[in-house]
Amino acid sequence: MAGRGPAPKLQHQRERDTKRRQADAVTLTADGELRGPELPKGILNPHPETLAWWETWRRSPQAQLFEDTDWEALKRAALLHDYVWKAPQKPSAAAISELRLIEERYGATYVDRQRAKIHISRESAADAEVVQLRSVSSRADVMARMRGDK
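So this note's numbering is basically just the index in the sequence shown, starting at one, shifted up by 384.
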């Protein structure tokens with residue numbers, strides 16, 4: 385039934401609440417810069433997916449926030465990632481779950497970054513090309529264009 389429930393908040397109250405919630409958010413720029421250490425030498429003959437995974441983390445905007453301890457934890461995660469890809473049989477669900485948990489804590493997905501209040505700004509793209517539209521003065525003009533006469 386319409387009209388039930390609490391009254392909506394006033395506009396200025398919502399704005400104030402939004403500012404408070406967004407005050408501790410971090411905004412990063414996606415610059416593509418390579419950060420952090422090389423893949424650990426302890427991972428012998430790493431799987432190509434592990435190499436790509438490691439390079440993705442090194443180029444990610446979140447890498448701007450990583451401390452030495454974060455890179456050490458990611459090194460251990462790289463070892464686990466390599467195990468998952470090289471496993472002779474199906475890797476254990478626990479290994480995959482642990483890897484996903486580690487990635488979540490470092491903001492691997494959009495939802496993970498939203499939860500951690502990390503916003504990534506992209507370089508502004510160039511404006512799209514402007515296409516001039518021809519004016520339509522009558523239905524006959526439209527029909528002629530559809531036939532390809534104009």
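Where is the CB? At the ideal position from N, CA and C, for every residue including glycine.
Counterpart residues of HIS503 in DSSP-defined beta bridges: THR411
Continuous alpha helix (DSSP H) assignments of at least 4 residues falling wholly in the segment 424-507: 432-443, 452-470, 477-489 and 494-499
Contact check, ARG443 vs LEU418, beta carbons under 7 Å: yes
Bounding residues of the alpha helix (DSSP H) (the contiguous stretch that carries ARG523): 523-531
Nearest to THR434 (by Cα), restricted to the options PRO475, ALA512, TRP469 and PRO421: TRP469
Selected residue, minimal CA-CA separation from GLY416, among ILE502, ALA409, SER522 and THR440: THR440
Close beta carbons around LYS459, own chain, < 6 Å, minus the five adjacent residues each side: PRO424
Contact under 7 Å by Cβ, ALA462 with TRP438: yes
Short Cβ contact (7 Å threshold) for ALA409 with HIS503: yes
Cutoff 6 Å; reference GLN363; Cβ partners in own chain excluding five residues on either side: Here the chain covers residues 385 to 534 and nothing more, so residue 363 does not appear.
ARG506 versus ALA414 - alpha carbon distance: 6 Å
Residue burial classification, ASP466 (beta-carbon count within 10 angstroms, cutoff 16): buried
Beta-carbon separation (whole angstroms), LEU464 vs ALA477, contact threshold 8 Å: Their Cβ separation, rounded to whole angstroms, is 13 Å, which puts LEU464 and ALA477 out of contact at 8 Å.
Cβ neighbours of PRO445 in the same chain (closer than 6 Å, five flanking residues each side left out): LEU412, ALA414 and ILE504
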